[in-house]
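This report refers to the structure that appears directly beneath it.
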Amino acid sequence: MMKKIGILGGISSASTIQYYKTILDMYYKKFSDYYYPEIIINSLNFQYFTNLENEHKTSEYINYIINGINSLQKSGADFVIMAANSPHSVFHSIKQQIDLPVLSIVDAAAEECSRLKLKKVLLTGIKYTMQSSFYQKGFESFGIEVLTPSEKHQDKINSIIFSELVLNRVTENTRENFREILSSYDVDGVILGCTELPLLLNQKDMKLPLIGTLKLHCKAALSYALAES
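Numbering (the numbering used here), first residue to last: 12 to 240.
If you want it as structure tokens, here you go:
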């Protein structure tokens, strides 16, 4: 019996759609049947969530996430994935206060970077993620150095995400600008540390290894649902 997947979504809607689609596509590719895992989605208020992040209201932020996870549990979810990178900044605080297993996007990314033998990677995402330290802390035990872009590049990447990607919009000019930013850093690989960034760039666009956190998180969720981990 497969476990029911709970997705804490809406943060943003674009990435939530990709989570849902990716998990089901991965299942079909593996089994070629329609016995898909059951998925329960709780879509949070994106503006309220973002305001709490930007205003650094940590206690309210944690409580809002926990309430969302508790709603998923009441709806029958057996475990949860948070469909964004930024709430993983408070991952350990959340885990201590809930009963459901929560799968970490940072762990999934670190394991992939380790598998690829990457030693120095560039973290991209929203400013909240790039200016937090949870990726650096999560990668320490793997011996992987996590760098962040310059302040100017952080502003540009953040603007791309909030003005285009969360609205499911991508322009070729934006894609080229992002590619140029990534190419300016001496690293072994790039973490796409925002679940909307795969909408902008994929591996065929870059020689550097791109660590797509959304896809890795979905893979971990499907494996857990199938009791493979």
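Backbone N, C-alpha and C define an ideal beta-carbon position, used for all residues, glycine too.
Residues that residue i bridges to, as DSSP identifies them
i    : result
P53  : The residue you asked about is not Pro; residue 53 is Asn in the sequence shown. In DSSP, N53 forms a bridge with L19.
L237 : In the DSSP output, where bridge partners are listed per residue, L237 has none listed.
L134 : I202
L114 : I92
L221 : V201
V157 : V132
Beta-carbon proximity of residue i to residue j, cut-off 8 Å
i    : j    : result
G17  : I73  : no
V201 : L176 : no
I155 : C124 : yes
V91  : I80  : yes
P160 : T135 : yes
Y75  : L83  : no
L55  : L19  : yes
L237 : M93  : no
L133 : Y196 : yes
K226 : T33  : yes
Sequence-distant residues of its chain with Cβ nearer than 6 Å to residue i (five each side left out)
i    : result
N179 : A25
D188 : Rather than Asp, the amino acid found at residue 188 in this sequence is Asn. So no residue of the chain qualifies.
L193 : V201
I171 : T185
E71  : L63
C35  : Note that residue 35 is Leu in the sequence shown, not Cys. Hits under 6 Å: Y47.
F153 : A121 and S125
V181 : L210 and L211
8 Å Cβ shell around residue i - same chain, five flanking residues per side excluded
i    : result
D216 : R186 and R190
Y39  : Y45 and Y47
S86  : G17, I51 and N53
I165 : The residue you asked about is not Ile; residue 165 is Gln in the sequence shown. Once the five neighbours on either side are set aside, the close Cβ partners of Q165 are K138, M141, Q142 and T159.
T4   : As displayed, the chain neither begins before 12 nor continues past 240, which places residue 4 out of reach and without an answer.
F57  : G21, I22, S23, S24 and V177
S240 : Low confidence applies here, because S240 scores a pLDDT of 47, under 50, leaving its location unreliable and the question unanswered by this model.
K106 : V113
S104 : I73
Cβ shell of residue i (< 7 Å), same chain only, five flanking positions each side left out
i    : result
I116 : N96, H99, T224 and H228
K131 : E156, L158, V198 and D199
I169 : In the sequence as presented, Ile is not what sits at residue 169; that position holds Asn. For N169, where only same-chain residues beyond five positions count, the Cβ hits under 7 Å are I137 and K138.
Y235 : K14, F90 and L114
K41  : none
Q147 : V157
M37  : C229, K230 and L233
Nearest-angstrom beta carbon gap, residue j and residue i [assumed within contact, 8 Å]
i    : j    : result
K163 : D89  : Not really, about 44 Å apart at Cβ, beyond 8 Å.
A121 : F150 : 5 Å
F60  : I109 : The pair is not a contact, with the Cβ atoms about 17 Å apart (cut-off 8 Å).
Y203 : I222 : Strictly speaking, residue 203 in this sequence is Leu, with Tyr absent from that position. Confirmed, Cβ separation roughly 6 Å.
Margin query: Counting beta carbon pairs with one atom in the region 133-148 and one in the region 89-99, are three or more of them shorter than 8 Å?
Written below: yes
Margin query: Under 8 Å: do the region 208-217 and the region 227-236 share three or more Cβ pairs, one atom per stretch?
Written below: no
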